[in-house]
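Chemist: What follows is a single structure, and I will ask about it in a moment.
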Amino acid sequence: MKLKIIDQKEMPLLQRKVISLELDCENLPTPKKEDVAKELVKLLKTKDSLLKVKNIYPNYGESKAEIRAFVYSNEEALKTFEKQKVKKESGKEKSQEQKKQ
293 MKLKIIDQKE MPLLQRKVIS LELDCENLPT PKKEDVAKEL VKLLKTKDSL
343 LKVKNIYPNY GESKAEIRAF VYSNEEALKT FEKQKVKKES GKEKSQEQKK
393 Q
């Protein structure tokens with residue numbers, strides 16, 4: 293799995309960077325977000341808790357994919373802008389926003 297940074301934008305009001313990457317899967321299936329996040333932590337030299345892989349867009353018929361990830365400046369900003377998943381007793385996940393309703 294090879295990652296190449298295409299674009300990097302600073303968003304100071306949201307306290308994060310938006311990073312666009314190109315992933316070469318080398319004739320393997322498209323990896324999961326967790327696997328991509330581990331590689332990004334090494335590439336960007338950031339903490340795992342501050343990184344959020346938002347999307348993986350595979351290119352049909354190719355071994356390449358486009359990735360969009362956010363790197364937050366602190367954990368407070370991440371908690372403010374990202375929906376947190378809460379597990380219910382039945383094992384199903386719901387966001388905190390849905391739980392309040």
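Under our numbering, the sequence shown has 371 at position 79, and the numbering climbs by one with no breaks.
Ideal Cβ placement from N, Cα and C applies to all residues, glycine included.
Which residue comes first and which comes last in the beta strand (DSSP E) that contains L305?
Modeler: Neither: L305 is in no beta strand (DSSP E) and is coded neither H nor E.
Chemist: Does the Cβ of Y352 have 16 or more other Cβ atoms within 10 Å, making it buried, or fewer, making it exposed?
Modeler: Exposed, by the Cβ-count rule.
Chemist: Of all the options M303, K309, K301, K356, which has the alpha carbon lying nearest to the alpha carbon of L343?
Modeler: Of the listed residues, the one whose Cα sits closest to L343 is K309.
Chemist: Find out if the Cβ-Cβ distance for the pair L336, I311 is shorter than 9 Å.
Modeler: Result yes, Cβ atoms of L336 and I311 sit closer than 9 Å.
Chemist: Over what stretch of residues does the alpha helix (DSSP H) that includes K330 continue unbroken?
Modeler: K330 -> alpha helix (DSSP H) spans 325-336.
Chemist: Give me the Cβ distance between E367 and S341, rounded to the nearest whole Å; I'm assuming they're in contact under 8 Å.
Modeler: Correct: roughly 6 Å between the Cβ atoms.
Chemist: Which word fits L332, buried or exposed, when buried means at least 16 other C-beta atoms lie within 10 angstroms of its C-beta?
Modeler: Buried: at least 16 other Cβ atoms inside 10 Å.
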